[in-house]
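Novice:
Protein chains in written order, with my numbering: chain X, 3 to 270; chain S, 139 to 317.
#1: Classify residue 27(X) as buried or exposed, calling it buried when 16 or more other Cβ atoms lie within 10 Å of its own Cβ.
#2: Based on DSSP bridge pairs, tell me the residues matched to residue 297(X).
#3: Taking 8 Å as the CB-CB cut-off, is residue 23(X) touching chain S?
#4: Spell out whether any CB of chain S is found under 8 Å from the CB atom of residue 29(X).
#5: Measure the Cβ-Cβ separation of residue 220(X) and residue 155(X) and say whether it is below 8 Å.
#6: In the DSSP output, what is residue 240(X) paired with across the bridge?
#7: By how many angstroms is the C-alpha of residue 167(X) removed from the C-alpha of residue 227(X)?
#8: Can you grab the Cα-Cα spacing for the pair residue 169(S) / residue 265(S), in whole Å?
#9: Using 10 angstroms around the beta-carbon of residue 298(S), count the other beta-carbons present and answer buried if the total reaches 16, otherwise exposed.
#10: If distances are taken between C-alpha atoms only, which option among 292(S), 236(S), 289(S) comes closest to residue 303(S)?
#11: Determine the direct distance from the alpha carbon of residue 142(X) to that of residue 114(X), and round the result to whole angstroms.
#12: Output needed in chain order: residues of the region 190-217 of chain S with a Cβ under 9 Å from some Cβ in chain X.
#13: If contact means a Cβ-Cβ distance below 8 Å, which residues of the region 62-92 of chain X contact chain S?
#14: Can you tell me which residues form a DSSP beta bridge with residue 161(X)?
#15: Taking only beta-carbon atoms, is residue 116(S) less than 8 Å away from chain X?
#16: Leaving out five residues before and five after residue 256(X) in sequence, what residues of the same chain have Cβ atoms less than 7 Å from its Cβ?
#17: Is DSSP giving residue 214(X) helix, strand or coil here?
#18: Go through its chain and collect everything with a Cβ distance to residue 154(S)'s Cβ below 6 Å, but skip five positions before and after it.
#19: Based on Cα-Cα distance, which residue from 254(S), 285(S), 203(S) lies nearest to residue 166(S)?
#20: Could one say the Cβ of residue 39(X) lies closer than 8 Å to chain S's Cβ atoms, at least one of them?
#21: Listing by chain order, which chain S residues have their CB less than 7 Å from the CB of residue 46(X)?
#22: Rounded to the nearest angstrom, what separates residue 191(S) and residue 73(X) at their Cα positions?
#23: Within 8 Å (strictly less), CB to CB, does residue 16(X) reach chain S?
#24: Quick check: is the beta carbon of residue 26(X) nearer than 8 Å to any beta carbon in chain S?
#25: Could you work out which residue in 123(X), 162(X), 133(X) is closest to residue 140(X) when comparing CA atoms only?
#26: Measuring only the C-alpha atoms, how far is residue 133(X) from residue 158(X)?
#27: Whole angstroms is fine: what's the gap from residue 147(X)'s alpha carbon to residue 266(X)'s?
#28: Is residue 239(X) near the ligand MN, judged by its Cβ being under 7 Å from some heavy atom?
#29: For residue 188(S), return the contacting residues in chain X, with the cut-off set at a CB-CB distance below 7 Å.
#30: Comparing C-alpha positions only, which one of 194(X), 185(X), 206(X) sits nearest to residue 215(X)?
#31: Taking one C-beta from the region 38-46 of chain X and one from the region 244-261 of chain S each time, how about it: are there three or more such pairs within less than 8 Å?
#32: Unbroken beta strand (DSSP E) runs of length 3 or more, entirely within the region 79-145 of chain X: which are they?
#33: When you compare only the Cα positions, how much space is there between residue 14(X) and residue 8(X)?
#34: Could you spell out the range, first to last residue, of the beta strand (DSSP E) harbouring residue 256(X)?
#35: Return no unless some Cβ of chain X is closer than 8 Å to the Cβ of residue 284(S).
#36: Can you tell me whether residue 3(X) is helix, strand or coil according to DSSP?
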């Protein structure tokens, strides 16, 4: 007779139960029990699965938030680097454009020019001046005209130091230059700055006809300022019969508010 | 007695719920663990094997009821695995230590997963007759098996650490194999 110890009994019982379960399943009587098992555990399974899925979702969201913050910081830093690069590029492009135009201007007029970067600006009550980065060492002289890239008058050098100089802007009250109108009679006059915001042409004889749109250029009567430098155009004419002279409001050809580089004419 | 039955029922239900509703949502490689198998091996080693067999049959039945595989694969797989573990425990390891638990866990994971893969792979081959597909499935199975081993080891280690400090079940003892 076969001796069955406890462990062998356990194995036999387990095998018998499993075989019975399989038999009953494939024959059919076990189906109701299986269905009942699923039916009874389904709500709890659904609840637990949903809860664990939500928990995983929150965790993933938290992780992604943390990584998004890190990514955001990295992107901000990269953006700042790109902006610096872009700013550098734009500055160089502006300088490039200026130099190209200046080269054309100089070629056309046989002027010798020095290109200077604007390193500062004073706009106090006494003077409206630009500080440029070239001085006496580079050949800058007092009274030399400062031009924009296109050759339009920006102002003239009012003070020179070794390594820098001051350019009095054409809209400053103290600025004056002798000009003429590009009309049939070549009307002569004087350009004066107005309160740092504009220019006017004075000393226009009453008999002269000056129209809106007429171009104003330097007359060459100032020492160190050649004739033909573009100053601006006539915006309006102020006539008064009782006055000796007419006045004209001049729109400057150079943008006097956003100057970053100037060409200073060298003394011939 | 009724309290004991309720305790067992709650434990069986908890294992079943965890296996089906929580384990799949665990992060990373932890979702690969054979939770039921690892717990049954632990119960068999730490407590009594008849308890783990009883649990295995009931939980296996419940999982087979909701499984897409042929009925009985899980139940028979768990039973055979527990038998192999029982024999190895009595004949080879003979003590309740971490290394024997670890080794039995590896053995159980390997056997059970090979069993289930053999059935599902065989069923796939019978349907498709595509040997190349079986070959690539085998490669995936191999990689998956390593992750499962790792996940089961983690679980078993956690259970061991918990019970080691909480009870005396893992204190050194000889197993009487004569009865």
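Ideal placement from N, C-alpha and C gives every residue a C-beta, glycine not left out.
Computed from a prediction, not measured in an experiment: that's the story for all the values here.
Specialist: Taking the definition as stated:
#1: By the neighbour-count criterion, in which a residue is buried when 16 or more other Cβ atoms sit within 10 angstroms of its Cβ, residue 27(X) is buried.
#2: Coverage of chain X is limited to positions 3 through 270, which leaves residue 297(X) absent and any answer about it impossible.
#3: So yes, residue 23(X) belongs to the interface.
#4: Taking CB atoms only, residue 29(X) has no neighbour in chain S less than 8 Å away.
#5: In contact: residue 220(X) and residue 155(X) (Cβ atoms closer than 8 Å).
#6: Its beta-bridge partners are 249(X).
#7: In this structure, the alpha-carbon of residue 227(X) lies about 17 Å from that of residue 167(X).
#8: Taking the straight line joining both Cα atoms gives about 28 Å.
#9: The residue is buried, with at least 16 neighbouring Cβ atoms inside 10 Å.
#10: Answer by Cα proximity: 236(S).
#11: Taking C-alpha positions only, residue 114(X) is separated from residue 142(X) by approximately 12 Å.
#12: Across the region 190-217 of chain S, CB contacts with chain X closer than 9 Å involve 191, 192, 194, 195, 198, 199, 200, 202, 203, 204, 209, 210, 213, 214, 217, in sequence order along the chain.
#13: The region 62-92 of chain X vs chain S, Cβ under 8 Å: nothing.
#14: In DSSP, residue 161(X) forms a bridge with 168(X).
#15: No answer is possible for residue 116(S): the residues shown for chain S start at 139 and end at 317.
#16: Excluding five sequence positions before and after residue 256(X), the CB atoms of its chain that fall closer than 7 Å to its own CB belong to 150, 154, 155, 156, given in chain order.
#17: DSSP places residue 214(X) outside both helix and strand once states are collapsed to three, so it counts as coil.
#18: The beta carbon of residue 154(S) sits closer than 6 Å to those of 197, 200, all from its chain and outside the five residues before and after it, given in chain order.
#19: Considering only 254(S), 285(S), 203(S), the residue with the shortest C-alpha distance to residue 166(S) is 285(S).
#20: True, the Cβ-Cβ gap to chain S drops below 8 Å.
#21: 155, listed in chain order.
#22: When rounded, the distance between both Cα atoms is 52 Å.
#23: It does: the Cβ of residue 16(X) has a partner Cβ on chain S nearer than 8 Å.
#24: Taking Cβ atoms only, chain S never reaches closer than 8 Å to residue 26(X), which makes this a no.
#25: The shortest Cα separation from residue 140(X) among 123(X), 162(X), 133(X) belongs to 162(X).
#26: Cα atoms of residue 133(X) and residue 158(X): separation of roughly 12 Å, rounded to the nearest angstrom.
#27: If you draw a straight line from the Cα of residue 147(X) to the Cα of residue 266(X), it is about 6 Å long.
#28: Ligands in the displayed structure: none, and consequently the ligand MN is not present.
#29: Chain-order list of chain X residues neighbouring residue 188(S): 12, by C-beta distance under 7 Å.
#30: That would be 185(X), whose Cα lies nearest to the Cα of residue 215(X).
#31: Of all C-beta pairs linking the region 38-46 of chain X to the region 244-261 of chain S, fewer than three are shorter than 8 Å, placing the two stretches out of contact.
#32: 115-125, 130-134, all fully within the region 79-145 of chain X.
#33: CA-to-CA, the gap between residue 14(X) and residue 8(X) works out to about 10 Å.
#34: For residue 256(X), no beta strand (DSSP E) run applies, since DSSP gives it neither H nor E.
#35: Put simply, the CB of residue 284(S) is far from chain X, with every gap to its CB atoms at 8 Å or more.
#36: Because the pLDDT at residue 3(X) is just 47, under 50, the model does not fix this residue reliably, and the value given afterwards should be weighed accordingly. DSSP places residue 3(X) in the coil class of the three-state scheme, outside both helix and strand.
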